[in-house]
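S.K.: Here it is: the structure, laid out below.
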Amino acid sequence: MVNQNKSTKHLILQILRESNQCVSGEVLAQQTSVSRVAVWKAIQALQASGYGIESTKNGYILQNDLKDGLFPWEFDKNEEIFAHFAQTASTMTEAKKIAESTTDSAVKIITADRQTQGQGHANHKWTTTDGSLAATIITKNSILQAESNRLLMASQIALVKVLNNLTGRQFFVRWPNDIWSEKGKVAGILDEVSAKGGICQWVNLGIGLNLLNKPELKETDVVCTGLQISRKEILNLFWEEYKIQEKTALDASSDLVNQWNALCCDFGHGVQTTQNRKKAVFGGVNAYGWGIFNFEDSQQTLPPALISYAKHSCVTN
0 MVNQNKSTKH LILQILRESN QCVSGEVLAQ QTSVSRVAVW KAIQALQASG YGIESTKNGY
60 ILQNDLKDGL FPWEFDKNEE IFAHFAQTAS TMTEAKKIAE STTDSAVKII TADRQTQGQG
120 HANHKWTTTD GSLAATIITK NSILQAESNR LLMASQIALV KVLNNLTGRQ FFVRWPNDIW
180 SEKGKVAGIL DEVSAKGGIC QWVNLGIGLN LLNKPELKET DVVCTGLQIS RKEILNLFWE
240 EYKIQEKTAL DASSDLVNQW NALCCDFGHG VQTTQNRKKA VFGGVNAYGW GIFNFEDSQQ
300 TLPPALISYA KHSCVTN
C-alpha cells in the first residue's frame, strides 16, 4: 500500500519528466543512487500504475504522463503518510481500517480516484465525479470527544484558505461541514470519531471536493472554473495549512472560532430549521463547533447531530 522505497519512483519520474529523450537505466541508477534492478522494478511499478513509460534500446522515455496522479510517490517527502486506491468503497472505510491498525501507523492521508459508496453528512451519499478529490485525513490527538468538532472546523478553514489563494475566488465555510462558493456547494467534510472514556483515539476527516464536474444536484459548483489546478497541488497545500489550523484547534484560544465565523457566509443571516420550520438568525459557532441560533423568543446553541437547517441562499445568478 505504502511505497517502501519511498524516493526512487519520485526521482525517476522527476528525471523522465525533465527529459525529452530516452534516459538509460544506468543513468537513472546513478542519479537515484540505487541499483539497475531497483530502477527496473520501479519502472515496472510505474508502468503498472498507468504511467506511459516506454522502454527502448536506448533507455526509458515518458510518453504519456499521469499529471495529476495521487500515488504516494507523487508527494516526495510526504510519501510515507499517503495510501492510494484506484477504486474503493470509501476513503472513510479505508481510513478506519488504518486508524485501528498498528501496522500502518505512519499513514495519515488516504486518497482514491473513485468511490463506489462515497459517504456524506447525515447518511447522505457523496458522488465522486471524474477528476474530483476524495481523501480522508487520519488524526490521532488525545482530545476530549466533546472538542473533536474543532478538528472539523480546522479542516474547513484550511480548505477555504487554500481554495481562496489558488483560485482568486471567494469560498466560505458553512455549518456544520460544508464548503461553498458564491455559486453553490463545492465540498463536504465528514468526520468520524473513535473514543474511550470521553477521550478521542482517532478522528478521521473525509473530504469530497468537486473540481471539474459537479453531481447532478441543485446548488452545486466546481472549483476549477477555467483554471488548471491539480488535486495533488490542492492536497499538498491543504495538508500544510491543516497542520497550522490543527495546532490552533488544540489550543484553548478563541482564534479558531473567530476564523471560522469570519469565513462563514451564513453568519448574521436568517435561516430556517428543517425539523420545526422555525426561523432564526445564525450566530456562528461556539468553541465546540455547535451552531448558535437566535430565534425570536430565545437563543439556542445546538450540536450538528440534533438539528439541521435550511441555509440562506448565497448563490448568485
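Every letter in the sequence shown is one number past the one before it in numbering that gives the first Met the number 0, and letter 84, counting from 1, is 83.
Note that the Cβ used here is the ideal one computed from N, Cα and C, for glycine as well.
What does the Cβ neighbour count give for residue 294, buried or exposed, with the cut at 16 atoms within 10 Å?
M.R.: Exposed, by the Cβ-count rule.
S.K.: Judging by CA-CA distance, which residue of 211, 263 and 215 is the nearest neighbour of residue 227?
M.R.: Of 211, 263 and 215, the residue nearest in Cα terms is 211.
S.K.: Mapping the DSSP letters down to three states, classify residue 293 as helix, strand or coil.
M.R.: In the structure shown, residue 293 sits in a strand (DSSP, three-state: E or B).
S.K.: Tell me which same chain residues have a C-beta within less than 7 Å of the C-beta of residue 127, skipping the five on either side of it?
M.R.: Cβ neighbours of residue 127 beyond the five flanking positions: 113, 114, 117, 133 and 207.
S.K.: So is residue 22 buried or exposed if we call it buried at 16+ other beta carbons inside 10 Å?
M.R.: It counts as buried.
S.K.: Assess contact between the region 59-74 and the region 12-27, defined as three or more Cβ pairs (one per stretch) separated by less than 8 Å. Is contact present?
M.R.: The region 59-74 is in contact with the region 12-27.
S.K.: By the 10 Å Cβ neighbour count, where 16 or more other Cβ atoms means buried, how is residue 45 classified, buried or exposed?
M.R.: Result: buried.
S.K.: Let me know the secondary structure DSSP gives residue 129 once reduced to three states.
M.R.: Three-state DSSP puts residue 129 in coil, outside helix and strand.
S.K.: Three or more C-beta pairs under 8 Å: does that hold for the region 169-179 against the region 192-199?
M.R.: Taking 8 Å as the limit for Cβ pairs, the verdict is that the region 192-199 does not touch the region 169-179.
S.K.: Name the residue from 14, 223, 222 and 205 whose alpha carbon lies nearest to the alpha carbon of residue 93.
M.R.: If we check each option's Cα against that of residue 93, 205 comes out closest.
S.K.: Identify whether residue 174 lies in helix, strand or coil by the three-state DSSP scheme.
M.R.: It is coil, neither helix nor strand.
S.K.: Rank 247, 308, 83 and 129 by C-alpha distance to the C-alpha of residue 150 and give the top, closest one.
M.R.: Of 247, 308, 83 and 129, the residue nearest in Cα terms is 247.
S.K.: Among 20, 179 and 15, which residue has its Cα nearest to the Cα of residue 361?
M.R.: The requested residue 361 is not part of the displayed model; the chain covers only 0 to 316.
S.K.: Can you give the beta carbon distance from residue 233 to residue 189, rounded, assuming they're within the 8 Å contact cut?
M.R.: With 8 Å as the limit, residue 233 and residue 189 do not qualify as a contact, their Cβ atoms being about 18 Å apart.
S.K.: Assuming residue 138 and residue 109 are in contact, meaning their beta carbons sit under 8 Å apart, how far apart are those beta carbons, in whole angstroms?
M.R.: Between residue 109 and residue 138 the Cβ distance is about 12 Å, and since that is not below 8 Å, they are no contact.
S.K.: According to DSSP, what are the bridge partners of residue 107?
M.R.: Answer is none; residue 107 lacks a bridge partner.
S.K.: Considering just the uninterrupted stretch of the alpha helix (DSSP H) at residue 256, what are its terminal residues?
M.R.: Taken as a continuous stretch (DSSP letters only), the alpha helix (DSSP H) holding residue 256 covers 254-261.
S.K.: Within this structure, are the beta carbons of residue 336 and residue 270 separated by less than 8 Å?
M.R.: No information on residue 336 is available, as it lies outside the stretch 0 to 316 that the chain covers here.
S.K.: Residue 96 to residue 202, Cα distance in whole Å?
M.R.: Rounded to whole angstroms, residue 96 to residue 202 spans 13 Å at the Cα level.
S.K.: At the level of alpha carbons, what is the spacing between residue 35 and residue 69?
M.R.: Taking the straight line joining both Cα atoms gives about 26 Å.
S.K.: Taking only three categories from DSSP, how would you classify residue 272?
M.R.: Three-state result, residue 272: strand.
S.K.: Taking the straight line between their C-alpha atoms, what separation do you get for residue 288 and residue 87?
M.R.: Their backbone Cα atoms lie some 30 Å apart in a straight line.
S.K.: For residue 302, does the count of other Cβ atoms within 10 angstroms reach 16, so buried, or fall short, so exposed?
M.R.: Classification for residue 302: exposed.
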